[in-house]
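Below: one structure, written as structure tokens.
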Amino acid sequence: MEVFVTEAFTLLGIGLLFIGLRLYVRITTVGWKDLQADDYLMVVAAIAYSVETALAYSVGAYWKGLANNAMTDEERRLLNPSSEEYMLRVNGSKTQVAGWSTYTFLLWVIKAAMCTFYLRLTEGLEFKMRIHIGFGLIVSTWLAVLFSILFGCMPFEKNWQIYPDPGNFCQPAISKIDIFVTVVLNVVTDLYLLSIPIPMLWRASIKPVKKAGLILLFSGGAFVTMAGILRCVLILTNPVNGAQQAGSWAVRETFVAVVTSNLPMVFPLVKRWGRPLV
């Protein structure tokens, strides 16, 4: 647990630093009054990232990694509703629902910020149309993910039911409907967003080495996609520790998303600061 706490809050600190550097670059470049929607969305992302990390921390620190999964029917029947374990499992399950909601909200806010950033970069009608489609895709897929979390288990309070067994869809730490809907729509939107800047950069009249570097810089979404898939695989293959793993890997995945989405804005600043050292 101590290792995870150190990791989670270290990643949070680095992630918030990247967002802070991004805002510093934007403010010193265009001023407070000319900040754009993607800059404000990153402020929202910083708040959501902090909340998500706090929720992931509470899963282990307060609820001991327990939720309403990984129990036999006999264990469920014998568990006293007034016992500490019952309370831990109920509150752990509620935290998992909150964690899923915050985790997906953060990822989709970052997607919206990137799409808005691309809109500022483009002038051609072709690319603007693709970006507008991207906005529609982001909104529709986020609503689909949110509905799967909120309505995949009905009535809603079954998400923390212990006995009788509410079934997999009502075990938020390892719910297959939450996992599959989220990972599929996450991958689809990430791949679509990747398809926007790469063709623009490919057509740009710049040196091949610089072009390759910029394409790599804007391809951070691929790392987020891989992290998301890995997270889901680990949860599905280890349902006993699914509650703790869900929180741990959510923090890692969103850290990668925060860093890679801000890197295109932060990289020129880091390059400028590092020039005197070379």
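For the sequence shown, full-length UniProt numbering gives the first residue as 1, with consecutive numbering after it. Note that CB positions come from ideal geometry on N, CA and C, so glycine has one too.
- As the crow flies, the alpha-carbon of Thr225 is around 24 Å from that of Ala37.
- In this structure, the straight-line span from the alpha carbon of Ile110 to that of Glu74 is close to 44 Å.
- Tyr118 and Trp160 have their C-alpha atoms roughly 41 Å apart.
- At a Cβ-Cβ threshold of 8 Å, Ser261 and Met114 count as neighbours.
- Residue range 84-121 is occupied by the alpha helix (DSSP H) that includes Gln96.
- Put simply, of Leu194, Gly213, Ala173, Thr122 the residue whose alpha carbon is nearest the alpha carbon of Leu236 is Ala173.
- In the assembly as shown, Ser93 is a buried residue. Its beta-carbon has 16 or more other beta-carbons within 10 Å.
- Here Val59 really is in contact with Gly247; their C-beta atoms are around 4 Å apart, less than 8 Å.
- The three-state reading of DSSP puts Phe156 in helix, counting H, G and I together.
- In this structure, the CA atom of Gly31 is about 39 Å from the CA atom of Phe147.
- Between the stretch 60-67 and the stretch 141-156 there are fewer than three inter-stretch CB-CB distances shorter than 8 Å, so the stretches are not counted as touching.
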